[in-house]
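Visitor: Okay, so the sequence shown: first residue is 1 according to UniProt numbering, each after it adds one. This is the structure, below, for whatever I ask next.
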Amino acid sequence: MRINVLQHTPNEGPGSILDWAQARGHQTFVYHPYQFGHLPTADQTDLLVILGGPMSPNDDLSWIKQERVLIQQLLEQGKPMFGACYGAQQITKTLGYPVSKAPAKEVGWAPVYRQSKIIPGLPEKLLALHWHEEMFEVPKEADWLFSSDAVKNQGFVMNHRIVGLQFHFEPQADNVREMVVNDFPYIKGSVLDQSVDDILNTPVPKENKQTMFKILDYITEII
Numbered sequence: 001m002r003i004n005v006l007q008h009t010p011n012e013g014p015g016s017i018l019d020w021a022q023a024r025g026h027q028t029f030v031y032h033p034y035q036f037g038h039l040p041t042a043d044q045t046d047l048l049v050i051l052g053g054p055m056s057p058n059d060d061l062s063w064i065k066q067e068r069v070l071i072q073q074l075l076e077q078g079k080p081m082f083g084a085c086y087g088a089q090q091i092t093k094t095l096g097y098p099v100s101k102a103p104a105k106e107v108g109w110a111p112v113y114r115q116s117k118i119i120p121g122l123p124e125k126l127l128a129l130h131w132h133e134e135m136f137e138v139p140k141e142a143d144w145l146f147s148s149d150a151v152k153n154q155g156f157v158m159n160h161r162i163v164g165l166q167f168h169f170e171p172q173a174d175n176v177r178e179m180v181v182n183d184f185p186y187i188k189g190s191v192l193d194q195s196v197d198d199i200l201n202t203p204v205p206k207e208n209k210q211t212m213f214k215i216l217d218y219i220t221e222i223i
C-alpha cells in the first residue's frame, strides 16, 4: 500500500502513523504542499493522510483548493482517508459542510469521549492533544465519533473508509516537544489554561498510539 501524507507545517508530522505504516509493511510518501506546491494524484494514492497546520480550509490559497480536488476524487473512488485537525476540516469542507470558529480555543491536553462503537476496541475516554480554534461540522453522511468538554464536534467516521479527528492522537513525545517549542505562542487564550511546562510534562498516553493503529486498521480493512 502507498500511503500519501500531506504535511502542512514542519512541526506537525505523522508521528505514530509512520510506526503503523512500517509495522504493516506499507510505503509512506510525505508531501509538503504549503512549501513546494506538489500533491499526489488519486491513482498514486491507496491511503491519504491529511495532517494539521496553522492554516484554515477557508483560506483563499490555490494549494488548499487543490487538496480538496484530490479529496473529492478519493471520495468518488472509495479510498481510505484519515484527517487530523485541519485535515479533518478539509474533508468536511470538501463534502460541503462549513468550517467555523469553535466555541472555545483548545490548546493542550484534554479528554475526549467516544460517541460511537462503530470502530471496535476504542476506549470510552482518552487523553488527547488539542491544538485548534476552528471546528468542522459532523457530516450527515458520517457517524459522530468523539466529543470533548469544550467542543462537541471532535471526530467522525464515514463509510468504513474515512475518519476525521479535530484533535491529535498521532504525536509521540518527540512530536509534542517539537510542536510546543515552535508554536508555544499559540497556547495563549486556550480554555484549557495550560502552560508550556504543563503540556510538555504530560506523558503521552500509550493508548493514543494503540488507538491510532486501530483507526488506521479499520479504514484500510478489506470489506
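Even glycine gets a Cβ: it sits at the ideal position worked out from N, Cα and C.
Pick out the complete alpha helix (DSSP H) segments inside the UniProt domain "Glutamine amidotransferase" (42-174), 4 residues or longer, and give them in chain order.
Guide: Taking only runs of at least 4 residues, the alpha helix (DSSP H) segments lying wholly in the UniProt domain "Glutamine amidotransferase" (42-174) are 62-77 and 86-94.
Visitor: Express the C-alpha separation of GLY108 and ASP43 in angstroms, rounding to a whole number.
Guide: Answer to the nearest angstrom: the Cα atoms are 37 Å apart.
Visitor: Starting from the Cα of PHE136, find the closest Cα among VAL204, LYS214, PHE167 and ASP19 and give me that residue.
Guide: If we check each option's Cα against that of PHE136, PHE167 comes out closest.
Visitor: Roughly how many angstroms lie between the CA atoms of LEU75 and ASN4, to the nearest whole one?
Guide: The alpha-carbon atoms of LEU75 and ASN4 are separated by roughly 15 Å.
Visitor: Could you have a look at LEU192 and say whether DSSP puts it in helix, strand or coil?
Guide: In the structure shown, LEU192 sits in coil (DSSP, three-state: anything other than H, G, I, E or B).
Visitor: How many Å lie between GLY25 and LEU18 at the Cα?
Guide: Looking at the two C-alpha atoms, the distance is approximately 10 Å.
Visitor: Which two residues bound the contiguous alpha helix (DSSP H) that contains THR211?
Guide: Element bounds for THR211: 206-220.
Visitor: In whole angstroms, what separates the C-alpha of ALA21 from that of GLN172?
Guide: Each residue's alpha carbon lies about 15 Å from the other.
Visitor: Sort SER56, GLN73 and TYR86 by Cα distance to PRO40 and report the nearest one.
Guide: The option with the nearest alpha carbon to PRO40 is GLN73.
Visitor: With DSSP as the reference, label GLN7 as helix, strand or coil.
Guide: It is coil, neither helix nor strand.
Visitor: For LEU47 versus PRO14, is the C-beta distance shorter than 8 Å?
Guide: Not closer than 8 Å, so no.
Visitor: Would you kindly work out how many angstroms separate the C-alpha atoms of GLU207 and LEU126, rounded to a whole number?
Guide: Each residue's Cα considered, the two are about 7 Å apart.
Visitor: Three or more C-beta pairs closer than 8 Å, one from the stretch 144-151 and one from the stretch 114-122: is that the case here?
Guide: Taking 8 Å as the limit for Cβ pairs, the verdict is that the stretch 114-122 does touch the stretch 144-151.
Visitor: Can you tell me where the beta strand (DSSP E) with TYR31 in it begins and where it stops?
Guide: Counting along the chain, the beta strand (DSSP E) containing TYR31 begins and ends at 27-31.
Visitor: Less than 8 Å between the beta carbons of GLN89 and GLU67, yes or no?
Guide: No. Outside cutoff.
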